[in-house]
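Worksheet for the structure shown next.
Number of protein chains: 2
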Amino acid sequence: MRVSLKDVAAHAGVSIKTVSNVVNNYQHVTPAMRERVQRSIDALGYRPNLAARHLRKGRTGIIALALPELGNPYFAELAASVIDAASGHDYIVLLDHTGGSREQELLVSQGFRARVIDGLILSPIELETEDLRDRAQEVPLVLLGERDYDLPYDHIAIDNVAAARAAVRHLIGLGRREVAFIGARRGRSEPAQLRVRGWREELTAAGLPADEGLVAATDGWGHADGARAMKHILDSGRRPDAVFAYNDPMAIGAMRVLHERGLRVPEDIAVVGFDDVIEGRFGAVTLTSVSPDKAAIGRLAVESVLARLNDQAPEPRRIWADYQLVERESTLGRPAGAGRGTA
Amino acid sequence: MRVSLKDVAAHAGVSIKTVSNVVNNYQHVTPAMRERVQRSIDALGYRPNLAARHLRKGRTGIIALALPELGNPYFAELAASVIDAASGHDYIVLLDHTGGSREQELLVSQGFRARVIDGLILSPIELETEDLRDRAQEVPLVLLGERDYDLPYDHIAIDNVAAARAAVRHLIGLGRREVAFIGARRGRSEPAQLRVRGWREELTAAGLPADEGLVAATDGWGHADGARAMKHILDSGRRPDAVFAYNDPMAIGAMRVLHERGLRVPEDIAVVGFDDVIEGRFGAVTLTSVSPDKAAIGRLAVESVLARLNDQAPEPRRIWADYQLVERESTLGRPAGAGRGTA
DNA sequence: TTCGAGTTTTACAACGTTATACATCCCGTT
DNA sequence: AACGGGATGTATAACGTTGTAAAACTCGAA
């Protein structure tokens, strides 16, 4: 069996607690004693049993990250950034995916999928405010993403309305007048509402009609959904001169359809995506996109969870991460601005 | 504080162990007793403390999955499939990424990054046989991916040589004679060696020269690396009529360069990738690719780890997963429909 | 020498669970 | 009626760690 503190203590001829003190770098240990115990530790190859430590301290050193789907590279990159951030605090990350379904999100938020965690970072899609309200407050929860909840949890996101407005402003600046929005979600909940709102506000501000006939609802968030939505718009006889998609995969799916129909990007239709995933930089037409600071989001999420875990956190707050509009071939034209903010 | 077995026992007026028996579905519990205890469990909202269970049983219910990088959608999709497979066995997945560096892979393989796990699924890139040989045998290890080790661990992969040969055979069948390979890795280790070997064998079998001048080494595995490699080949004055890339992102990066140089895919140069990631289906030219059965790989990996954990596993073995060559526009016999976008 | 105030080490009791060994109960058989 | 044996429930001791409180040192000053 494995070496325990008891074995080390016996080997060094001291009490168990003294060994524990050495292991944990307790202040009051004489250098001589530390040396002696350390020698036994090395000799026996002792390594702490984390299960016992967890039981005793009530901490596991694990935080869970629940994302809608890993297939979307934005979430994959976000996961990577969370893992790195956590690693810097000696935390490891348990990953789960919900498929963006309310049921799974509920299970995750109530801790039924993972019960060994110190904290949870959740990026909800369909979850409603009331779903989270009766959450048994077991471990700290930090929310990520576009949904807008009025709840006592930290929430990290970029300013989706402002970012969407920047994207639409950019398109208008190119002289486009009919800007379609791809990716409003069907059903009662409206996860895309902030981006749709930004689209609407900016058009209105520019004195253009926010034509709801140019808003295409979809069932999912992938390439295929974007393609279907684009087809739907074109088949309905509309011919917008610009498309703003909920995210990059949908934008790329839409561009594929435009290509199949012989429509040129950006000459006939300009396209802007959201998330700035790597694949947008290598298509035949590179994609202009809103680029959230993923590294910052991951870092802030981890820091928030850990702060709350250590009771160092003030009241729950909304934290804004930076973003940037990155222009590429799909909207060749003149420069646009960046945005940012703080809570 | 949280509800423990003790609380439930007091509430139900029985001993702690009886409650434990109910929780663990122990055989000999009368329905009446089970009912009564269950009522208390529900009333108090009891949920087992995994740290304690872990300490007692020596199991955590967690397996770790260590992948080179999540940014590559192949690995992201693989992670999703492992998470789903594990979930079916009441296991959860701790995710780590190594960046494909030997140092990180070593840390992971020796359990220094995560020590609360029952088993480890590792997809190594640079790790050498000897690095794994002196691994302290703490938890079961299952290997994934292209590397070929002669070690007592289960190894799950598709037959890379055969798959690569199928890809090259397909290109030769189109009448292509100069097939470049993109993505051999620099340095002493040769992670891409099996696919290069398949490339070489198939060309030779067809009576064509395996021209090493058409093999492009890269530093990484991403879009940008593929683009660089393609540029390198073209700049060296070579003009192959086909390209076989180590993976899809590299193939897509290469196609972008071909597009920039005014070379048509597939008319001038046919392209085949590897992994069949979703993004290959939505470019201006969709990508022919070797499609490994990711769901099977995830499932087999989880099953292998758990079998070994339960001592139900025979001697370590190599397990082959299925694959398929999916043909798309990048290797179409005749020119694709809508002309290429312009400008 | 004795005392006191710090400093260093120790003994012991948790943390919440499951395994072991034992006690009890309920039967059908003698 | 008493017995034996399987089915069911219980008390207790681990698992390996850390927090608490108390004991045992050290050292300078009375």
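Residue numbers (UniProt numbering), protein chains in the order written: chain A, 1 to 343; chain B, 1 to 343. For glycine and all other residues, C-beta sits at the position ideal for the given N, C-alpha and C.
CB V14 of chain B to CB R39 of chain B, shorter than 9 Å? no
Can you list, in chain order, the residues of its chain whose CB lies under 7 Å from that of V23 of chain A, leaving out five sequence neighbours each side? P48
Check the C-beta distance from V305 of chain B over to I63 of chain B and give it rounded, since I have them as a contact under 8 Å. 6 Å
Closer than 8 Å between beta carbons: that is the criterion. Which residues of the UniProt domain "HTH lacI-type" (3-57) of chain A meet it against chain B? R47, N49, L50, A51, A52, H54 and L55
Following the continuous beta strand (DSSP E) through G253 of chain B, name the residue where it begins and the one where it ends. It is not in any beta strand (DSSP E) - G253 of chain B instead sits in the alpha helix (DSSP H) that spans D248 to E260.
Would you say V326 of chain B lies against chain A (beta-carbon separation less than 9 Å)? no
Contact list for the segment 227-239 of chain B against chain A, Cβ threshold 9 Å: A227
Helix or strand or just coil, what does DSSP make of W199 of chain B? helix
Beta carbon proximity, residue 345 of chain A to chain B, threshold 9 Å: As displayed, chain A neither begins before 1 nor continues past 343, which places residue 345 of chain A out of reach and without an answer.
By DSSP, does D118 of chain B sit in helix, in strand, or in coil? coil
Anything in the segment 77-102 of chain B with a Cβ closer than 7 Å to a Cβ of chain A? List those residues in chain order, please. E77, A79, A80, I83, I92, V93, L94, L95, D96 and H97
Is DSSP giving Y149 of chain B helix, strand or coil here? coil
Under the three-state reduction of DSSP, which class applies to L5 of chain A: helix, strand or coil? helix
Can you tell me whether DSSP reads I63 of chain B as helix, strand or coil? strand
Whose Cβ in chain A lies nearer than 9 Å to the Cβ of I252 of chain B? E279, F282 and G283
Per DSSP, cross-strand counterpart(s) of R113 of chain A: R113 of chain A is not bridged to any residue.
Does any C-beta atom of chain B lie closer than 9 Å to the C-beta of I62 of chain A? yes
Does any C-beta atom of chain A lie closer than 9 Å to the C-beta of V116 of chain B? yes
Return the chain-ordered list of same chain residues with a C-beta closer than 8 Å to the C-beta of D268 of chain A, the five sequence neighbours on each side being excluded. D241 and L258
Is the beta carbon of G125 of chain B sitting closer than 9 Å to the one on S101 of chain B? For the sequence presented, residue 125 of chain B should be read as Ile rather than Gly. Contact flag set, yes.
So, for A254 of chain B: in the same chain, excluding its five sequence neighbours on each side, which residues have a beta-carbon less than 8 Å away from its beta-carbon? I182, G226, A227, A229, M230, V243, A245 and V271
Give me the Cβ distance between A86 of chain B and A51 of chain A, rounded to the nearest whole Å; I'm assuming they're in contact under 8 Å. Contact flag wrong, Cβ pair sits at about 19 Å.
Min CB distance F274 of chain A to chain B below 9 Å: no
Let me know if N25 of chain A comes out buried or exposed under the rule of 16 or more other beta-carbons within 10 Å of its beta-carbon. exposed
Sub-9 Å separation of D293 of chain A and I121 of chain A beta-carbons: no
By the criterion of Cβ-Cβ separation under 8 Å, what are the contact partners of G71 of chain B in chain A? P73, A76, E77, A80 and I278
Within 10 Å of its beta-carbon, does G175 of chain A have 16 or more other beta-carbons around it, so buried, or fewer, so exposed? exposed
Within the present structure, is the beta-carbon of R281 of chain B separated from the nearest heavy atom of the ligand HEM by less than 8 Å? In the structure shown, the ligand HEM is absent, as is every other ligand, since no ligand is present at all.
If you draw a straight line from the C-alpha of H223 of chain B to the C-alpha of P73 of chain A, how long is it? 13 Å
Host beta strand (DSSP E) of I182 of chain B (start-end): V179 to R185
Just verifying my parser: in three-state terms, what is the DSSP assignment at P140 of chain A? coil
Per DSSP, which one or two residues make a beta bridge with V272 of chain A? A:F244 and A:T288
Would you mind working out which of A:D134, A:G71, A:A10 and A:V326 sits nearest T43 of chain A, comparing C-alpha positions? Residue 43 of chain A is actually Ala in this sequence, not Thr. Considering only alpha carbons, the answer is A:A10.
Whole alpha helix (DSSP H) runs in the UniProt domain "HTH lacI-type" (3-57) of chain B with 4 or more residues, listed along the chain? 5-12, 16-23, 31-44 and 50-57
Throw me the rounded Cβ distance for the L309 of chain B and P152 of chain B pair, which I believe falls under 8 Å. With 8 Å as the limit, L309 of chain B and P152 of chain B do not qualify as a contact, their Cβ atoms being about 15 Å apart.
Is there at least one Cβ from chain B nearer than 9 Å to P249 of chain A's Cβ? yes
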